[in-house]
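If you're matching them up, the sequences are chains V and F in order.
Using the working numbering, the first residue of the first sequence is number 1078, and each one after it goes up by one.
Using the working numbering, the first residue of the second sequence is number 90, and each one after it goes up by one.
Everything on this sheet refers to the single structure shown next.
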Amino acid sequence: MTGPELEPRGGAGSALPHESAVLHVTGSATYIDDLPELRGTLHGAIGLSSEAHASIVKLDLSAVRAAPGVIRVLTADDIPGRNDFGPVIHDDPIFATGEVQFHGQALFAVLAEDMRAARAAARLAIVEYDRLPTVLGIDEALEAGTRVLPDISLRHGDVDAAIAAAPHQLEGTVRHGGQDHFYLETHIAYAIPQEDNTFKLHSSSQHPGEIQLQVAHALGIEAKDVTVECRRMGGGFGGKESQPGQIAAIAAIGALRTGRPVKLRLDRDDDMVLTGKRHDFRIDWRAGFDADGRILGVRFTQSTRAGYSADLTGAIADRAMFHADNAYHLPAVAIDSHRCKTHTVSNTAFRGFGGPQGMFGIEEVVDVIARTLGRDPLDVRKLNYYGVSERNTTHYGQTIEDNVIHEMSAELEADCDYRARREAIRQWNASSPVIRRGIALTPVKFGISFTATHLNQAGALLNVYTDGTVLLNHGGTEMGQGLFTKVAQVVARELQIDVDRIRVTASDTARVPNASATAASSGADLNGKAAQDAARKIKARLTEFAASRYAVREDQVEFRANRVHAGATVVSFAELVHAAWMARISLSATGYYRTPKIAYDRSTLSGRPFYYYAYGVACSEVAIDTLTGESKVLRTDILHDAGQSLNPAIDLGQVEGGFIQGMGWLTMEELHWDAAGRLRTHAPSTYKIPAVSDVPLVFNVRLWARAINAEDAIFRSKAVGEPPFMLALSVWHAIKDAVAAAADYRVTPLLNAPATAEEILRSIDDARQRARSA
Amino acid sequence: MTTAELHFLLDGRDVRLTNVSPTTTLLNWLREDAGRCGTKEGCAEGDCGACTVVLAEVRDGQLNWRSVNACIQFLPTLHGKALFTVESLRAADGRLHPAQAAMVSCHGSQCGFCTPGFVMSLFGLYQTEAAPDDGAVTDALSGNLCRCTGYRPIKSAAHEMYRLPVPSGSLPAPQWLPGDAAAQALFERLSALDADDRTLDIVHAGGRFTAPRSVDAFADCVAAHPGATILAGSTDVGLWVTKQFRTLPHLIYLGRVRELDRISETDGWLEIAAAVTLEDAFRAILQHYPEFSELWRRFASRPIRNAGTLCGNIANGSPIGDSMPALIAVGAEVVLRGGRQRRTLALEALYLGYQKKALAPGEFVHSVRIPLPGQARDRQLVRAWKISKRQDQDISAVFAGFCLQLEHGTVREARLAFGGMAATPKRASHAEAALTGRPFDAAALNDARAALAQDFQPLSDMRASATYRMEVARNLLTRLQLELAGAATRIDSMEADHDRP
Ligand SMILES: Cc1cc2nc3c(=O)[nH]c(=O)nc-3n(C[C@@H](O)[C@@H](O)[C@H](O)COP(=O)(O)OP(=O)(O)OC[C@H]3O[C@@H](n4cnc5c(N)ncnc54)[C@H](O)[C@@H]3O)c2cc1C
Ligand code: FES
Ligand code: FES
């Protein structure tokens, strides 16, 4: 006989499958394009600019209107409210008027009886342009002085003196590219007109609350008149944070103008051309260090390509500044940040949100220092790690109270046998005619919280029904990261009921208002806490009720594994709930949470922007072909800190998936713009994200067993969405190590990301040439 | 005799359609007309696999299963076949198919949008292979992109599904489990459909679709309609519709011509006819030229190779097509047919200029003939190498096919063909001359490398710069020489090397 179970099924901490897993594998998970279409539904397509920068002389849409199946054409004139979808600053027109500012900017939209008719018609516009001068790249923008936002500087200590006084100085420039999100589901919105000039929208969005406002503004109505729902996205990665506003607004304008439901789903090519991507950066640096490689002062100029408008560039570039240290103590720092305006698509949020960009810079500095001194880069990394109780203040003034990088790094170094392998690789390289191998172990320290402090709040709504089942709603959105699963697990643990008794419903602005974007890895931290708060309210009411009903003290009432113990009496949760309802106890509660302790001054970028930090370490080994530049990851070992994981299976999935995505950014994903500013890699035929053969041949990924959040985050877990992305820097530095090997370790390689075969071959040639002339 | 009724099986049930617009894609039909939204669109160009479905048909007296991309298959090409989609797999009692159950237990889905496609690729694997190794798993998944998981759990699921009980019920059992009643029933019904000798001829406002069954009827039809578009696997033509919005007034489909689905070996030649898929063609070629494994493995993805044809690749004649440089190197020929006339041409002679071929109006590529390697295999050095940004499913920056005949260390004949270097697949005649008649030593290599500049002025585009293309083409000659000397030159060879410290 087994005793009564102590835990309900699927509570926080258990490795439950994704709540939609069975729906996913049977094809019955509903995405917006799968919703049954209402009678009269129209399909939209967007007409795009074919110039990067030009004034519009003439926009002749007569052929578009006359095309078969076309019902209506929308232009800026059809917008009753504000022609803007900018999330922070209002510089993002829904439809360009007067002037186009990037190739692929939206000019108009077509609504037709079917999608193919709409798409075919959208190509028939006759547009005459007067070309204007373009600024396309970062260097051009720096020269022309174009910015979307003012430059920002951060100063910590007397950096010039520190560098000048250092025994060694070095400087350099390194660049990395942007990245398309390539969520498998392209942008989509479905707008349904409702009575009395109100609208319901289905939007594939990480931020339904913002869509609600953007649609209201565009239509000239109020927030109360628009509801936005999102059950799930087919991937988001930041690409559906601010960008869906335009799509939703166009669909809503169409619904307003035709009185019919309008679905707007972007074709993959249009999606890639029209919507923003990861910011690419140019990083100029100068560092002073001692003979061991200890950094004494470092100066960065971070210049990023914002594109034509600000979008979220301000916060992204700020985060790049905050992460210019990664895990390293920098005694004196100066960072100048340039947010360049260019005639290209407006770049936006992407997993890491500036963090990867900032870390890319400092990891370059550390690697170059180590190679210059002839030391193992891992030794120089460890030397520069933040201390645990001293040398633990960041360049923005936050004291790091939870540093575990030393332990994690030592554990991984031993586990993956880094030292012996590094030695063996160097010997192997000496006798290999064509292939060279490289290895690198790199750390990640990532700050958790929205840097815009006010966004660190969340709400939840929890309904308990008389059969004891629970309907849960919160402001977060599900994009595959497993948020709905985790939050349900939080409530299961809190109420001590099986997780299958809880249903999490679509994010909906009518249920939980004013929710922040599901971003900054904060989803489970914020919404988990808010849901816990709601569950605790219900639990308190039920406890009070049970105490009076069964005549025990409240501290004698205990919820355990689907049962409630009140002294000697044991009833099922459902029975107690039903009894409470009979006794007229409210069974619905809202929950709320705001992250404590955080505050910082935006003007100086100083204070405590982050509640805590998440850590990780990765070691990668690669091989490169010195004849073709092709590369392959042979082995990767990862140790990641997810705190006390809410769901180890889901967290492992975030670590593996984030790492591979990061690897794509640094190796094969290349956004290629031509001289006219046209994106030439706008489909998977030309833009290559990692595929199955790119997974490291040996791929050992573990969550750190000893991990625990030092702060009181939900059940002491840690956010895990973004931090693993940057573990891919280990691949990048392993490639650099292999390139160095190609020149017999005599010079420091100069490599820019992405390390495509072409870039690696160029870098090898360059390194060998410098080695010969050295 | 003709019929205008499109007839295929879906989950074993008859689907009969008249009045179908011929360029309706299978994906759009499923999602918009059949109400089966499990199959997703991620790109509509065959590159992401979200739309993967599985087809069964009768070939060589047995059931043949293959995964294809629904987004670029035109609906009428389903005539006579059986279609399975992600909705087909779950048993009536709600039990998941092993491919599905393993994806759940291995945590193989996150956002889930790619998942139906992966499940169908896994199902295609399950139906055809009893015990796939890692390579076979990777190959089966090479056409499916996932942006969330990083693939590791999906690869695990591919192995895990074989540890689960084989489903019983209405779904036909996999090929490796003979004697299944449902499979037998499907086989019989498909055999009956296959016995239908009528030409499918659909005439619709959206265009005409003609699918003859004999090669003579096909040849006559092509000759009678020189302006029509020949349709084979539609892995090029499909994109003309989904991406370029071209209207195709008349498609003449060769996929139902029995005599064109033949691979034969006679008099030292391997002959592959026009309807043979890339996958089947490569498997046959690899029997004789194992050196072409990279051409096979890195050519598109499994579902594309399951649909596209080798002759279609040759007939399309893209300057970045992969098969031609390899085949030109070993001296392949094409058999062209116009009406009742046949002629044979050296493969390289088919290509006259950018998108210009020596194909007369009304003529088509009947087959490609590949000389089998001679007895003196040890004196022949054959290589085919692809350079692209990604291993799986990518278009070449440069493709090289090399064949050297050596005698006592001297190069008797050199055939060096390249893709991605010129407006057509092309031999490097100057480099060939530089090698011929001398030992392949450092001096010969240098001369051949230099000669490439006379052979090619490559272009720069988003795949590679001209400089890179030229440097890599030269370096591949270096690699050839190193391989002749027996040196290890390939990253791929490191795959097996797990026992490093
Ligand atoms: C995602 C994707 C990846 C790809 N990757 C690669 C790759 O790695 N390497 C590569 O080389 N190619 C690649 N391709 C293209 C390749 O699949 C095609 O070139 C294929 O081989 C064409 O064969 P098909 O049967 O599909 O031809 P179809 O698309 O049916 O026809 C192609 C063209 O050839 C004509 N045609 C077909 N058969 C004949 C015939 N027998 N006689 C005369 N004309 C004929 C058609 O009229 C049409 O003009 C890829 C395509 C896709 C969609
Ligand atoms: S939708 Fe991407 S392959 Fe078909
Ligand atoms: S699970 Fe999201 S793309 Fe694969």
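Backbone N, C-alpha and C define an ideal beta-carbon position, used for all residues, glycine too.
DSSP three-state label for Glu1440 of chain V, please. helix
Just the Cα atoms here: how many angstroms apart are Gly1090 of chain V and Arg1793 of chain V? 11 Å
Since Ser412 of chain F is in the alpha helix (DSSP H), which residue starts that stretch and which ends it? 412-418
Integer Cβ distance of Met551 of chain F from Thr1421 of chain V, believed to fall under 8 Å: With 8 Å as the limit, Met551 of chain F and Thr1421 of chain V do not qualify as a contact, their Cβ atoms being about 15 Å apart.
Hey, quick one: how far does the alpha helix (DSSP H) through Gln1857 of chain V stretch, first residue to last? Because chain V in this structure spans residues 1078 to 1851, residue 1857 of chain V falls outside the shown range and cannot be described.
Could you check what DSSP says for Ala1844 of chain V in three-state terms: helix, strand or coil? helix
Chain-order list of residues whose beta-carbon lies under 8 Å from that of Glu1248 of chain V (same chain, five-residue window excluded): Asp1361, Trp1362, Arg1363, Ala1364
Any chance the CB of Phe276 of chain F is under 7 Å from a heavy atom of ligand 1? no
Kindly give me the distance between the Cβ atoms of Ala1569 of chain V and Pro1085 of chain V, rounded to whole angstroms, as I take these residues to be in contact under 8 Å. 5 Å
Within a Cβ cutoff of 6 Å, which residues of the same chain sit near Gln1633 of chain V, ignoring the five residues on either side of it in sequence? Gly1644
Is His293 of chain F close to chain V, meaning its C-beta is less than 8 Å from at least one C-beta of that chain? no
Completely contained beta strand (DSSP E) runs for the segment 394-475 of chain F, where each covers 3 or more residues: 422-427, 430-435, 440-442, 452-460
So if DSSP puts Phe97 of chain F in a beta bridge, which residue, or which two residues, is it bridged to? F:Val104
Same chain, Cβ closer than 8 Å to Val1732 of chain V, neighbours up to 5 away in sequence not counted: Gly1693, Ile1715, His1717, Ala1719, Val1778, Leu1780, Val1797, Pro1801, Leu1804
I'd like to confirm something about Cys593 of chain F: is its beta-carbon nearer than 7 Å to some heavy atom of ligand 2, or not? No statement about residue 593 of chain F is possible, as the shown extent of chain F runs from 90 to 590 and does not include it.
Three-state secondary structure (DSSP) of Ala1144 of chain V: coil
Measure from the alpha carbon of Phe1650 of chain V to the alpha carbon of each residue in V:Ile1662, V:Arg1661, V:Arg1637, V:Met1659, then state which is nearest. V:Arg1637
Environment of Asn108 of chain F [buried if 16+ CB atoms lie within 10 Å]: exposed
Report yes if the C-beta of Cys200 of chain F is less than 7 Å from at least one heavy atom of ligand 3; otherwise report no. yes
Using the beta-carbon count (16 or more within 10 Å), is Gln543 of chain F buried or exposed? exposed
Can you give the beta carbon distance from Leu1188 of chain V to Leu1151 of chain V, rounded, assuming they're within the 8 Å contact cut? 7 Å
Whole alpha helix (DSSP H) runs in the segment 1588-1627 of chain V with 4 or more residues, listed along the chain? 1600-1626
From Ala1129 of chain V to Thr1425 of chain V, what distance separates their C-alpha atoms? 18 Å
To the nearest angstrom, how far is the alpha carbon of Pro1433 of chain V from that of Ile352 of chain F? 53 Å
Let me check understanding here. Comparing Cα to Cα, which of V:Ile1372, V:Ser1807, V:Ala1153 lies closest to Ala1242 of chain V? V:Ile1372
Please determine, among V:Leu1682, V:Ser1230, V:Thr1352, V:Thr1681, the residue with the shortest C-alpha to C-alpha distance to Arg1416 of chain V. V:Ser1230
Start-to-end residues for the alpha helix (DSSP H) that takes in His1655 of chain V: 1650-1659
Using a C-beta cutoff of 8 Å, does Pro392 of chain F count as contacting chain V? no
DSSP state of Asp1137 of chain V, grouped into three classes? strand
DSSP three-state assignment for Glu1096 of chain V, whether helix, strand or coil: coil
Assuming Gly1438 of chain V and Gln1379 of chain V form a contact by the criterion Cβ under 8 Å, report the distance between their Cβ atoms to the nearest whole angstrom. 7 Å
What are the partner residues of Pro1270 of chain V, as DSSP defines its beta bridges? V:Phe1276
Please confirm whether Tyr1690 of chain V and Lys1522 of chain V have their CB atoms less than 8 Å apart. yes
Indicate whether Ser669 of chain F and Ala1768 of chain V have their beta-carbon atoms separated by less than 8 Å. This structure leaves residue 669 of chain F out entirely; chain F is present only between 90 and 590.
Give a yes or no on whether 8 Å exceeds the smallest Cβ distance from Arg1345 of chain V to chain F. yes
For the segment 1736-1747 of chain V, which residues have a CB atom closer than 8 Å to at least one CB atom of chain F, in sequence order? Phe1736, Ile1737, Gln1738, Met1745, Glu1747
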